[in-house]
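Order-wise, the sequence lines are chains A and B.
In terms of my numbering, the first sequence opens at residue 1 and continues consecutively.
In terms of my numbering, the second sequence opens at residue 1001 and continues consecutively.
Quick notes on the structure that follows.
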Amino acid sequence: MAVELFSHPALHTRYRAGLCSAAALALALLTLLTYVPPLFVAYRSHGFWRKQSSYLEQPTVRFRYELLLVATTGPSPGSFLAWSTFPAFNRLQGERLRVPLLSIREEDKNQDGKMDQFHFRLELPLQPTEHVVGVQLILLFSYQLYRMSTFVMQSMAFLQYFSPVPGSQLYMNGDLKLKQRQLLNYCGLDTRYNVSLVNGTSPFASDYDLTNIIAAYWDRNVTTVFSDPNPLWMAGRATDTPFIINATIHYPVEVILYQPGFWEVIKFAWIQYVSILLIFLWVFGRIKMFIFQNHVLTTTSVTPVLPVSPVLSYKQHQS
Amino acid sequence: MCGVRVLVPVLLLVRVSAWGPGSPPGAAAELAAGTAHRAVPGSEKAASPRAPAARALSQTSAAGPCRHGLAAHLRRRAPRAARHRASAGGFPGRRLPAGARHLRDPRAAESSRLSGGSRSVSQMCVEKSLLFRSNTPYPTDTVPAPDGCVLFCVQLHDSKLNYYQQPQVIQESDFFKFSEKYGKHSFIAPSQVQPSFSPFYRAGDPILIYFGSSSVLSTLRQPVKMGSSGLCVDGNPAGFLDSKSTSCTRIFANLSKSCVTDPALDAASYYRDFYVLKVPVNDTIAQSMKIKVAAVAPPEAPQIRDNTCINVVSEVIYEIEFSGTHGIQSVSVWFKMSNISGNAGSALQQHFTLHFWTRTLSHTLPRSGNPGYITGAPLLITNRGAMQHMSILQSEGDGSCSQFLRHTLQFGRNVRSGCKLSLSPVLEESNCSYTQQKLYEAFQGMKRAEDLAITGSAHSTQAEDWITILIQNCSAQAVNCTSCCMIPLTLEIQILWTKVGLLSNPQAQILGARYLFQCHPLKFLSTSTVPLTTVVTFTDMTEWPEPPRGQPQVHWKLPFDIFFPFKVAVNLERSYRDDLAGYFFLILIICSILCC
């Protein structure tokens, strides 16, 4: 059983005409129509040049062992307790300084070398007459991305909760999410934001003001936020027990937007152009064949002599 | 040949549609009907595979008694006469469910709509010998054709004339079966299993107690905090072999009254008037089953004195001896007492600890892992053979260093604590070495740690389970000021650990520990109180094996994601892989047959 698998035209016919003839003009026009419109189609249907692209990466996040805590203990403006890892800030607090007990663990759950979770526990000792009604806490992290460009920054998680009821414990559990206002580069090293958020060497109180710290931080185009914290405020503190902040921060895999490089842009444009061009080539090939085979335009056709078939070549000589 | 070529992809198509997990079984049936129609030569173009009133499922071969075979007939007729025939002879034996009879009779509606007799219904007829599945609740009709065939007719392309599937008739016996099959989540609670008493306690079982005076069986309670207030929930049962500590808060609106009436404050209520049952028993309780709770130094009942409630229970510690399946052998209880001042809204935090022990294991402290340390477990240290937990300085509510309370370290957690220590009683001695000694004592506690357990299951008598803690104190740091009195202000505890053993079951092991004291000259201190800081750092120095860490694999000298799409397909379609492979081979076989 034999089936036809493939066939190709045996005759390679050539058509000849003058350089300024109608046929030559038409051929030039057809060629132009074949190659230029696919470009317009690809461009006008949007997405020809790839302006942004995205990839997934779990960031390498490490706690910097720097934090700043302000615990509000009452409605009057002066009633708060504060502590930080910055000695200058602690010196400014005077009587309101209260040293907490900190317990921290970073956990690599899937053992891929990158931390996945951050467990934070802070026990703020309180006198029997003191009650915590609100907490503001800044935790500082170093945040690094490696897959496309090496992006290194210092970032923060801001935890805040206020309650009308004096509390004994605050539990929070959420993600440290990346927030981008700007595309990252596709290669190179980006250390624009690898500067400390809190100037720990400064003796001035304004450098430790939460308003200034947060305002400066949100001027950045790339930041992290502690999102979906699910705060649980527990009341009912016994007089001799500390106030406890218990937080778990996850470091999730992020979708990172970046500016594609030259070859990536060219590659995707080429794919789009050629795929549309193929259709045009086929259509205009048919049109050309129709025009020349049916002698719509004046040309001289030259058919090659086939050596295998002398009868056929003889007949063609006759014509 | 041509026919075979067409049919093979069609059959494959049918199988593919049946793969979809969400597609109803009707989809496959419709498709089968569609292919049957497509296979019909002649006027099958007019037939829709989705004939509305009768969803056809062809089950027979394409052979019929009629001369024109499967040709579908398109006919126009006045419906009333045909229906009359149908109700007379139509489809016998089709039992209607009771509910369907109460539905609006479409016959009445249709006859009123068509009462003029001017409109006719376009119908599609096929030969009766084919088998059909009809989901209309009403009798369908068949029409005799002039050439002796019997035709089955349906109306074409009217989606309003499609019906629900007929409901099943529910017998008493299969009510449960259908409610199980169709029932989703509801407020019907699943049936509660009655607790059964096993002949011995298993880990986590509640411990039964027996009140002799009222012959009431109950469980030993371990109050725990619950909800947003952290107040005590007294009903929480203690679990057998579940050694743990809980704490919770009690708030007293009227302390002078609660002081003498609240049983939670009275030590007697934690051991008097009840027995712990040796093993759980259901019915008669023999005397040998009952174990009296022995109170160690039983305190007196609380009482009010000068607006202060004295002798209230602040901590309850049960020591329970067990012996395998023989159950509980003895129970003793310890109390820690405190006083609460009687202002309104005063609160008390109570601690409850259950500790299970057995004579066969002579561990004085519970293990911190077996063998490797468990994250969060306390670190074991020894001081001249006495095992205890490593602890650091902790501050009181006013920020001063606590004399008695120390924070127990947990494996894997980096800690920082600070407090202020008053040097005024010490400085009167004006002896540098004495001051230094007092500060070292404050940092390390009364019992200085000498050795640290390498693993969580270290035995105090086995020397290879322990390493000596390196201590670097102030004497090494007084280099440029020989006359100064260097006193330690910061203690850095550095612990190096690693994971050892199988990758699938890593065990944490401590490799080394160091106490590093950061010292300052005493003369620079402006006040008589010094801030003391303790910092604990756990450093993981695990050496990982060469990647890949999973199963041994062929090492390709290729980028790691070069076969990415194939890997994804294999992972996602694992369940369909056999099917896919089967059909791939089928296609290959068919192709090879066709091409030869």
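Just so it is clear, CB atoms sit at the ideal spot from N, CA and C, and this is done for glycine as well.
Computed from a predicted structure; not experimentally measured.
Where B/F1443 is concerned, the enclosing alpha helix (DSSP H) starts and stops at C1432 to Q1444. Here B/S1391 is buried, its C-beta having at least 16 other C-beta atoms within 10 Å. Contact check for B/L1452 against B/R1514 fails: the beta carbons are separated by 8 Å or more. Counting other Cβ atoms within 10 Å of its Cβ, B/C1591 stays below 16 and is therefore classed as exposed.
Fewer than three Cβ pairs drawn from the segment 219–235 of chain A and the segment 98–107 of chain A lie within less than 8 Å of each other, which leaves the two stretches out of contact. For A/S227, the closest of A/K267, A/F158, A/L140 and A/V255 by C-alpha to C-alpha distance is A/F158.
Chain order gives no chain B residues near A/L159, where near means a beta carbon separation below 7 Å; the closest approach is about 18 Å.
Taking all protein chains in view, the Cβ of B/G1230 is crowded by 16 or more other Cβ atoms within 10 Å, so the residue is classified as buried.
Each residue's CA atom was taken as its position, placing A/V41 and A/R192 some 40 Å apart. With a cutoff of 8 Å on beta-carbon distance, A/P125 and B/G1235 are scored as not near each other. Shown in chain order are the members of the segment 224–256 of chain A whose Cβ falls below 8 Å from a Cβ of chain B: L232, W233, M234, A235, G236, R237, A238, T239, D240, T241 and P242.
Contact between A/I266 and A/Y55 is ruled out by a C-beta separation of about 19 Å, above the 8 Å threshold. Proximity of A/L11 to chain B, defined by a Cβ-Cβ separation below 8 Å, is not satisfied. Linking B/S1129 to B/Q1168 through their CA atoms gives a straight-line distance of about 27 Å. Separation of B/F1443 and B/H1407 (C-alpha to C-alpha, rounded to the nearest whole angstrom) is 11 Å.
Taking 7 Å as the Cβ-Cβ cut-off, the segment 1491–1512 of chain B has no residue approaching chain A. A straight line joining the alpha-carbon of B/V1216 with that of B/Y1210 spans about 6 Å. A/R44 and A/Y186 have their C-alpha atoms some 26 Å from each other. In this structure, A/S168 lies away from A/R62, with their beta-carbon atoms at least 8 Å apart. Using a Cβ-Cβ cut-off of 8 Å, A/V36 does not count as an interface residue toward chain B, since no Cβ of chain B sits closer than that to its own. Counted as a single uninterrupted DSSP element, the alpha helix (DSSP H) harbouring A/G285 occupies residues F262 to Q293.
C-alpha of B/P1190 to C-alpha of B/A1203: approximately 25 Å in a straight line. B/Y1270 is the residue among B/K1181, B/Y1270, B/Q1437 and B/I1587 whose C-alpha sits nearest the C-alpha of B/L1220. Contact of B/T1308 with chain A is not assigned, every C-beta pair being separated by 8 Å or more.
Excluding its 5 nearest sequence neighbours in each direction, A/H250 has C-beta neighbours in its own chain below 6 Å: Q117 and D175, listed in chain order.
Secondary structure of B/L1496 (DSSP, three-state): strand.
In this structure, the beta-carbon distance from B/T1375 to B/S1245 does not fall below 8 Å.
Burial state of B/G1456 is buried, judged by a 10 Å Cβ sphere holding 16 or more other Cβ atoms.
Per DSSP, B/E1180 is one residue of the alpha helix (DSSP H) stretching across F1175 to Y1182. Nearest to B/T1461 by C-alpha distance, out of B/T1382, B/S1400 and B/Q1165, is B/T1382. Taking C-alpha positions only, A/F284 is separated from A/S21 by approximately 20 Å.
In the structure shown, the three-state DSSP call for A/D207 is helix. Within the segment 230–260 of chain A, complete beta strand (DSSP E) segments of at least 3 residues are found at 232–235, 243–250 and 254–258, given in chain order. Residue-level contact check: B/D1398 touches chain A, since one or more beta carbons of chain A fall below 8 Å from its beta carbon. In this chain, the beta strand (DSSP E) harbouring B/Q1303 covers Q1303 to R1305. Nearest to A/N246 by alpha-carbon distance, out of A/R105, A/P9 and A/P38, is A/R105.
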